[in-house]
Structure formats: structure tokens, C-alpha cells
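Scroll down for the structure; my scribbles are underneath it.
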Amino acid sequence: MKAVALTRFLIEAQRERGQLAPDLRLLIEIVARACKSISHAIGKGELGGVLGSAGSTNVQGEAQKKLDVLSNEIFLDANEWGGHLAALASEEMDDPHLIPHRYPKGNYLLVFDPLDGSSNIDVNVSVGTIFSVLRCPEGITEPNAEHFLQPGVKQVAAGYTVYGPSTLLILTLGDGVHQFTLDRELGSFVLTKRNLRIAEDTSEFAINMSNQRHWEPPVQRYIDELVAGKTGPRERDFNMRWVASMVADVHRIMTRGGIFMYPLDAKTRDKGGKLRLMYEANPMAMLVEQAGGAASTGRQRILDLAPAALHQRVPVILGSRNEVERVVSYHRSYDQQS
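Be aware that the sequence shown starts at 0, since it is given in numbering that gives the first Met the number 0, and climbs by one per residue.
Written out as C-alpha cells, the structure reads:
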């Protein structure tokens with residue numbers, strides 16, 4: 000079968016189904032090129048002098064790696080001149096990045112985490128890029144942070160790139176989830192899987208067990224049942240998997256099912272959660288739901304949340320639908336009894 004490159008896939012989506020606006024197609028292609036550049040930089044590793052700390056912190060108060068800074072610059076440089084965007088917002092920047100006046104402006108807003116899981120980069124563990132696309136409100140030519148604060152259901156596209164043994168781009172345009180693999184000889188992403196589906200049931204879970212003492216009772220109840228295995232109420236064994244790189248953990252779930260949890264706990268309650276709604280939770284929630292899974296805070300569907308701030312944090316529970324719904328039911332029961 001003839002290989003289908005990303006460009007051809009997008010053109011066919013535009014031509015055959017009327018699903019894709021031309022500007023959005025070109026924007027996705029530019030994002031993919033930026034991800035190729037990041038993949039190349041990561042692949043050089045220590046030879047490229049890009050490992051280690053940058054000696055700075057981001058708006059989240061987290062120490063930045065050199066590759067955090069480089070990946071952010073790659074995204075900005077690649078996307079600001081194309082004429083498809085009105086502004087960009089990055090997890091690594093305090094405020095949105097406006098398109099310079101010397102370039103034409105478009106109708107979309109790009110939200111991205113340039114290098115998710117970067118704390119793993121020095122030990123050669125898979126990391127990734129997460130992104131989503133929103134429409135710029137009509138009539139707005141100089142968007143600010145407020146114009147990015149749209150619920151996840153307003154996303155028109157979302158995706159992530161995994162920089163692992165191979166570089167994979169996982170993409171949704173709101174009509175299923177598709178996987179593309181970077182062919183380094185051709186220099187392009189090639190379609191390798193159509194319509195990824197997440198199994199409704201699973202025997203794998205991903206959570207940071209070191210936070211167990213901080214969990215709320217419904218999360219503690221759920222994990223206790225999984226750990227009890229055949230001798231517990233679930234009457235079957237479960238396996239724990241935890242990479243501490245959201246892209247890697249979610250991609251495993253996309254591939255073979257599972258549930259990913261970064262729940263609200265005593266450590267993160269004051270911040271609202273651990274993961275960022277705009278840069279991580281919303282894009283991943285769109286992808287997971289498009290693949291047949293579910294995504295919740297434990298108390299509310301993630302895609303229904305109305306963002307209050309650009310860098311807002313939320314709890315995240317996503318993956319195989321039946322397991323996510325079980326966790327949600329435990330939260331509901333606990334809240335009713337409290």
C-alpha cells in the first residue's frame with residue numbers, strides 16, 4: 000500500500016469531507032515541521048549540547064531544561080510568520096505571544112507545551128510535545144490571555160508528538176484519532192494507523208504511588224481495589240505503569256488501554272491540581288474522547304471546564320471509559336456522604 004504522508008492526509012480531509020479549512024491544514028503542517036525540528040534536536044542529545052538545566056524557571060516556578068527553552072523557540076519561530084495564527088500561548092511563557100506586525104495574522108490560536116516530561120530528558124526517557132488549536136474570537140485582532148480561555152469543547156484540533164525510539168504524531172481534527180510516524184529518510188510524517196480506539200476495559204493503571212498519603216478517599220479506594228487484585232473486590236489482577244512523562248503514559252493508553260491519574264490531593268489542592276488545563280488536560284482529553292475513552296477531573300468532564308486563567312491547573316483522570324466512570328462514581332459517592 001502506498002504511503003500516505005501527513006500533507007496528503009490533510010488535503011484529502013479538506014477535499015473529500017470538507018472537514019478542514021485550508022488555513023488549519025497549513026497550520027497543522029507547520030506544527031508538524033516544528034516537531035520534526037525538536038525531534039532532531041533531541042536525537043542529538045549530549046552531542047548537541049542541549050541537555051541539562053537552562054538556569055531559569057518558567058511561569059510555573061519549574062526549573063527549565065535547555066531543551067524546554069529551545070523547543071519553545073522552535074515553535075515560536077516556526078509558527079509566527081505563516082499567516083494562520085493570531086497568537087500563541089506556551090506553558091513556558093507568562094503571557095501569550097502575539098504575531099509581529101510585519102507578518103499577516105490568521106484566525107487561530109495555538110496552545111502548546113513544547114516539551115512535556117522534560118525532567119526525563121537527561122536519562123533518555125521518552126518525552127513529547129502537546130498542542131491544541133482554538134479559533135480566535137471574531138473581530139479580535141490583538142488577542143490577549145482572556146481570548147484563549149475557551150472550554151476544551153471549542154478546540155478544533157489537538158495532538159501530541161512522542162519522541163521515543165521512533166517519533167510519532169498523534170492527531171485529531173475532531174473526527175477520530177490518527178497516528179503518523181516520522182520517516183527520517185523521506186523527512187515527513189507518514190500515516191501508520193487510522194482511527195485509534197481505547198479499550199473500554201483495562202488491567203493497567205498509571206499513577207504516582209509516592210503521593211498515596213496525600214490522596215482523597217475516593218482515589219485511595221480505587222487504587223486499593225486495583226492493588227488487591229484477585230483477592231480484592233475486582234477479582235482480577237492489575238499492573239501499574241508510570242513513566243512520569245504524560246505523553247508517554249497517555250500514548251501507552253492510546254495503544255493498549257489503561258487509566259492515567261493525576262488526581263487532586265493534599266499537595267496540589269491549593270493550586271487546583273497538578274497538570275495544566277490549557278496545555279495538557281484539554282488537548283489530551285480531546286484526543287482520548289475522540290478515541291472512545293473518557294477524561295474527567297473526578298468530578299467534571301474536562302472538556303466542559305470553563306478556564307479561569309491561562310496557566311490554570313486541574314486534576315486529570317483519563318483513559319479507558321469504564322475505569323474512568325468508576326473513579327467518577329467513587330468521587331460522587333464520597334461527595335454525597337461528606
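Glycine included, every Cβ here is placed at the ideal spot set by N, Cα and C.
Option in the options with minimal Cα separation from residue i
{"i": "R338", "options": "S295, V242, G271, V323", "result": "Given a span of 0 to 337 for the chain in the structure shown, any question on residue 338 remains unanswerable."}
{"i": "W241", "options": "S295, F259, R14", "result": "F259"}
{"i": "F147", "options": "M239, L108, D22, I316", "result": "L108"}
{"i": "A144", "options": "C135, V152, G151", "result": "C135"}
{"i": "F111", "options": "L75, V3, R183", "result": "L75"}
{"i": "L274", "options": "P314, P113, Q299", "result": "P314"}
{"i": "S118", "options": "P95, V189, K65", "result": "K65"}
{"i": "T201", "options": "D264, R255, Y333, V3", "result": "R255"}
{"i": "A156", "options": "E28, G318, K1", "result": "E28"}
{"i": "I197", "options": "M253, Y333, A308", "result": "M253"}
{"i": "T267", "options": "Q211, G257, G228, Q289", "result": "Q211"}
{"i": "E288", "options": "L181, G151, N71, N207", "result": "G151"}
{"i": "T296", "options": "L309, M277, V326, D94", "result": "V326"}
{"i": "A280", "options": "P103, Y261, S209, E224", "result": "Y261"}
{"i": "I316", "options": "L263, P164, D121, R14", "result": "L263"}
{"i": "V226", "options": "A243, S244, H213, I206", "result": "I206"}
{"i": "G47", "options": "P282, D121, R300, G318", "result": "D121"}
{"i": "K153", "options": "S337, L181, E15, P282", "result": "P282"}
{"i": "D93", "options": "Y278, R300, Q336", "result": "Y278"}
{"i": "H310", "options": "E15, K1, R300, L276", "result": "L276"}
{"i": "H213", "options": "D269, G318, E199, D248", "result": "D269"}
{"i": "Y329", "options": "D248, E224, A243", "result": "E224"}
{"i": "S244", "options": "G163, L26, S209, N238", "result": "G163"}
{"i": "M208", "options": "M239, R183, E199", "result": "M239"}
{"i": "P142", "options": "R14, E15, P95", "result": "P95"}
{"i": "G318", "options": "I10, L23, P21, E199", "result": "E199"}
Beta-carbon separation (whole angstroms), residue i vs residue j, contact threshold 8 Å
{"i": "A88", "j": "G105", "result": "The pair is not a contact, with the Cβ atoms about 15 Å apart (cut-off 8 Å)."}
{"i": "L50", "j": "G44", "result": "6 Å"}
{"i": "H250", "j": "I169", "result": "7 Å"}
{"i": "L302", "j": "M285", "result": "7 Å"}
{"i": "G138", "j": "F204", "result": "In fact, because the Cβ distance is near 46 Å, the residues do not count as touching under 8 Å."}
{"i": "A265", "j": "L195", "result": "Not a contact, Cβ separation roughly 35 Å."}
{"i": "S70", "j": "P103", "result": "With 8 Å as the limit, S70 and P103 do not qualify as a contact, their Cβ atoms being about 25 Å apart."}
{"i": "T166", "j": "L181", "result": "4 Å"}
Nonlocal neighbours in the same chain, by C-beta distance under 6 Å from residue i, ignoring five residues either side
{"i": "N293", "result": "Sequence check: residue 293 is Ala here, not Asn. If we look at A293 and ignore the five residues flanking it on each side, its Cβ neighbours are R320, V323."}
{"i": "I73", "result": "A33, S36, I37"}
{"i": "Q149", "result": "L133"}
{"i": "I222", "result": "none"}
{"i": "K192", "result": "Q178"}
{"i": "A4", "result": "S187, V189"}
{"i": "F8", "result": "L190"}
{"i": "D236", "result": "G228, K229"}
{"i": "D248", "result": "A205, V242, F259"}
{"i": "R300", "result": "none"}
Contact set for residue i: own chain, Cβ-Cβ below 8 Å, skip 5 residues either direction
{"i": "P246", "result": "Note on residue identity: the sequence assigns Val, not Pro, to residue 246. Once the five neighbours on either side are set aside, the close Cβ partners of V246 are D115, G116, S125, V126, G127, T128, I129, Y159, T160, V161."}
{"i": "D334", "result": "R298"}
{"i": "T140", "result": "A85, K104"}
{"i": "N123", "result": "G44"}
is_contact[residue i, chain C] using C-beta, thresh 8 Å
{"i": "P314", "result": "Absent from the structure: chain C. Only one protein chain is present."}
Close-in-space but distant-in-sequence residues of the same chain around residue i (CB under 7 Å, 5 per side omitted)
{"i": "A308", "result": "none"}
{"i": "A31", "result": "L5, L168, F188"}
{"i": "A2", "result": "V189"}
{"i": "P21", "result": "Q13"}
- the region 210-217 contacting the region 120-132, beta-carbon criterion three pairs below 8 Å: no
- Item | beta strand (DSSP E) runs wholly inside the region 59-129, at least 3 long, in chain order | 62-64, 84-89, 107-115
- Message: Across the region 97-117 and the region 72-80, are there enough close Cβ pairs to call them in contact, namely three or more that are closer than 8 Å?
- Response: yes
- Fully enclosed by the region 170-240, which alpha helix (DSSP H) runs are 4 residues long or longer? 216-227
- Query: Any chance the region 218-236 sits against the region 163-174, with 3 or more Cβ pairs inside 8 Å?
  - Reply: no
- Query: Which ranges does the beta strand (DSSP E) cover as unbroken runs of at least 3 residues, wholly within the region 235-310, from first to last along the chain?
  - Reply: 258-261, 293-295
- Item | Length-filtered (3 minimum) beta strand (DSSP E) runs lying within the region 10-47 | none
- Taking the runs of the alpha helix (DSSP H) that are 4 residues or longer, which of them lie wholly in the region 129-161? 144-147
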